[in-house]
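Notes follow the structure.
2 protein chains.
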Amino acid sequence: MITLLIADDHPLYRDALRGALSLSLPALTLKEAGDLNTTVDILNNEDIDLLLLDLHMPGSNDLFGLLHIRKLFPELPVAVVSGTEDTALISKIISVGALGFIPKTASAQDIANAVEAILDGDVWLPDNLSEGVDDVNEAFSELADRVASLTPSQYKVLCYMRDGLLNKQIGFNLDIAEATVKAHVTAIFKKLGINNRTQAVLIASQLELEPPVQ
Amino acid sequence: MITLLIADDHPLYRDALRGALSLSLPALTLKEAGDLNTTVDILNNEDIDLLLLDLHMPGSNDLFGLLHIRKLFPELPVAVVSGTEDTALISKIISVGALGFIPKTASAQDIANAVEAILDGDVWLPDNLSEGVDDVNEAFSELADRVASLTPSQYKVLCYMRDGLLNKQIGFNLDIAEATVKAHVTAIFKKLGINNRTQAVLIASQLELEPPVQ
DNA sequence: GGTCGCATAAGACTATAGTCGTAATACGTT
DNA sequence: AACGTATTACGACTATAGTCTTATGCGACC
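The following block contains the structure:
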């Protein structure tokens, strides 16, 4: 018995995915989540065999959300579903350990094929993109690992840093003293092997999807 | 009489381009340059109708090089030649005002077609990429304009900032006092409409090609 | 040949970033 | 229960970033 979790903030697209899968793979049990927190909750409490993850979920912060999941559940197979067709981003997604990338434009049959392939342990990519993607970058996944080793607080601080906030503003947002923010910042530097904010921001921005290009 | 300048640091690829073009378009006069400085020199002293620019030239700094050329010669038609097939980067290249993108894998016939189309005033893109690319981002080209308005010194300082250097180190590299670097930094902030280094670094890193993903 | 605008340069000063030492709490291990 | 370890927290201190002011050189323009 195989259970699959669909994590996507768009109810309509969840329906579409469910329809596509139940038609071709009726033996699957399907669960759903609409944001990252409930996704993590369900993964903690239930036995899930495959996660279909949309990067653009509330609380997900794009690639960071995937890193978060990969860190919490290293053994869980994850396939990313996204509207983007940016090959650079897809390369990053695969480097970080996702077992597949399903574009939102994929047909029902493609989606079913992808899920079957990934459940078999293969990596699945859309045909038209597979050449540009297979070059996994060693330095990048090394960096992703380091970022994944950050504690939740450090992680939040890094996100705010990437948005250009001052330590004082970050402290206000997280309701902690500026001194504490600074301590987190120093810890982040040590974990990432760097020594100033600029380098941290660069790493954070390269790990994540650029600001929306729509 | 139409004159075309090939700017590419690889002599072999310059030869290949020249061969492809002289075969299909024998009426063209061809000039060559191997780095950004000689490119600018030639553009200043001669009448060029179209520039074929490789992004990865010495002194070019990827997209910054294109911005530089676009700023110095706004009326000059430019086609970018590059080995990348990253659609996000190609979108940026077009947003910044290039009239075409020619992948290094293009055939001689494709290259000739592209040059003809661009000389006619059209925008040319390789067939297999044209869907993912046409979404020009307004905010992005606005930002690119602002970066293009930086003076040469400010520009260099921004590049060093993006590399994570301290003001002191930047001053050493440019052989000016740290105080002067700070003055440049403040001027950059004003032109870009921001107020700290983190935001400047983010803008710089988004304008440029990410670190090599090969 | 002024003079206006602008890039460059730099010192003095204030604000912010980053380091260090320390303490309290949470959590798994024995 | 006792222990080690990691995380969170924060104040005091130093280094760096960023602002303000002033000065000089240089090309455009009347």
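As given, the protein sequences belong to chains A and B, one line each in that order. One point on numbering: in the numbering used here, the residue at position 203 of the first sequence is 1507, and numbering is uninterrupted. One point on numbering: in the numbering used here, the residue at position 112 of the second sequence is 1416, and numbering is uninterrupted. Even glycine gets a Cβ: it sits at the ideal position worked out from N, Cα and C.
| residue 1485/A versus residue 1486/B: straight-line alpha-carbon distance, rounded | The straight-line gap from Cα to Cα measures roughly 25 Å.
| request: Look at the alpha carbon of residue 1380/A and the alpha carbon of residue 1339/A, and state the distance between them as a whole number of angstroms. | output: Going from the Cα of residue 1380/A to the Cα of residue 1339/A covers about 18 Å.
| request: Check whether the Cβ atoms of residue 1386/B and residue 1360/B sit closer than 8 Å, and answer yes or no. | output: Between residue 1386/B and residue 1360/B, the gap from beta carbon to beta carbon is short of 8 Å.
| field | residue 1472/B burial status per 10 Å Cβ neighbour count (16 or more: buried) | value | That one is exposed.
| request: Could you have a look at residue 1460/A and say whether DSSP puts it in helix, strand or coil? | output: Residue state for residue 1460/A is assigned as helix, using DSSP reduced to three classes.
| request: Kindly indicate if chain A contains any beta-carbon less than 8 Å away from that of residue 1391/B. | output: Closer than 8 Å: yes.
| message | Quick check for students: name the residue ranges of the beta strand (DSSP E) that lie wholly in the region 1346-1403 of chain B, counting only runs of 3 or more. | response | Counting whole runs of 3 or more residues, the region 1346-1403 of chain B contains the beta strand (DSSP E) stretches 1354-1358, 1382-1386.
| query | In chain A, which residues lie with their C-beta within 8 Å of the C-beta of residue 1503/B? | reply | In chain order: 1468.
| query | alpha helix (DSSP H) containing residue 1455/B: first to last residue? | reply | It is not in any alpha helix (DSSP H) - residue 1455/B carries neither H nor E in the DSSP assignment.
| query | Does the beta carbon of residue 1514/B sit closer than 8 Å to a beta carbon anywhere in chain A? | reply | Low confidence applies here, because residue 1514/B scores a pLDDT of 42, under 50, leaving its location unreliable and the question unanswered by this model.
| Beta-carbon neighbours of residue 1326/B, restricted to chain A and to distances below 7 Å | None at all; the shortest Cβ gap to chain A is about 30 Å.
| field | C-beta contact flag for residue 1329/A and residue 1419/A at 8 Å | value | Yes, these two residues count as a Cβ contact at 8 Å.
| said: If we define contact as Cβ-Cβ less than 8 Å, is residue 1305/B a contact residue for chain A? | reply: For residue 1305/B, no CB of chain A lies under 8 Å from its own CB, so it is not counted at the interface with that chain.
| request: Return the CA-CA distance between residue 1474/B and residue 1468/A, expressed in angstroms with no decimal places. | output: When the Cα atoms are used, residue 1474/B and residue 1468/A turn out to be separated by approximately 21 Å.
| Using the beta-carbon count (16 or more within 10 Å), is residue 1306/A buried or exposed? | With fewer than 16 Cβ atoms within 10 Å of its Cβ, residue 1306/A is classed as exposed.
| From residue 1446/A to residue 1391/A, what does the alpha carbon distance come to, in whole angstroms? | Roughly 20 Å separates the two Cα atoms.
| Alpha-carbon spacing of residue 1502/B relative to residue 1464/A, whole angstroms | CA-to-CA, the gap between residue 1502/B and residue 1464/A works out to about 11 Å.
| What residue does the alpha helix (DSSP H) around residue 1415/A start on, and which one ends it? | 1412-1423 is the span of the alpha helix (DSSP H), which, as asked, contains residue 1415/A.
| query | So what does residue 1405/A bridge to, in DSSP terms? | reply | Assignment of beta-bridge partners to residue 1405/A by DSSP yields 1384/A.
| field | Where residue 1541/B sits in the DSSP three-state scheme | value | With chain B covering 1305 to 1518 only, the question about residue 1541/B has no answer from this structure.
| task | Measure the alpha-carbon distance for residue 1349/B versus residue 1342/B and round it to whole angstroms. | result | Those two C-alpha atoms are separated by around 11 Å.
| request: Count the other C-beta atoms from every protein chain shown that fall within 10 angstroms of the C-beta of residue 1308/A, then say buried if there are 16 or more, exposed otherwise. | output: Around the beta carbon of residue 1308/A, 16 or more other beta carbons sit within 10 angstroms, so the residue counts as buried.
| said: Would you say residue 1411/B lies against chain A (beta-carbon separation less than 8 Å)? | reply: So no, residue 1411/B is outside the interface.
| Which residues in chain B sit within 7 Å of residue 1386/A, going by Cβ to Cβ distance? | Under the 7 Å cutoff, chain B gives no residues; its nearest Cβ is about 13 Å from residue 1386/A.
| said: For residue 1416/B, which residues in the same chain have their Cβ closer than 8 Å to its Cβ, ignoring the five residues on either side in sequence? | reply: Hits under 8 Å: 1324, 1325, 1327, 1328, 1329.
| query | Cβ of residue 1506/B within 8 Å of Cβ of residue 1505/A? | reply | Going by C-beta atoms, residue 1506/B is nearer than 8 Å to residue 1505/A.
| request: Would you kindly work out how many angstroms separate the C-alpha atoms of residue 1518/B and residue 1510/A, rounded to a whole number? | output: For residue 1518/B, the predicted structure reports a pLDDT of 27, less than 50, and the residue's modelled location is therefore unreliable. A value from the coordinates is still provided. Using only the alpha carbons, I get a separation of about 15 Å.
| message | Please list, in chain order, the residues of the region 1481-1511 of chain A that have any C-beta partner in chain B closer than 7 Å. | response | Residues 1500, 1501, 1502, 1503, 1505, 1506, 1509, 1510.
| query | Does the beta carbon of residue 1465/B sit closer than 8 Å to a beta carbon anywhere in chain A? | reply | Residue 1465/B counts as touching chain A.
| message | Closest to residue 1456/A by C-alpha separation, out of 1332/A, 1373/A, 1335/A, 1314/A, would be which residue? | response | In terms of CA proximity to residue 1456/A, 1373/A leads the group 1332/A, 1373/A, 1335/A, 1314/A.
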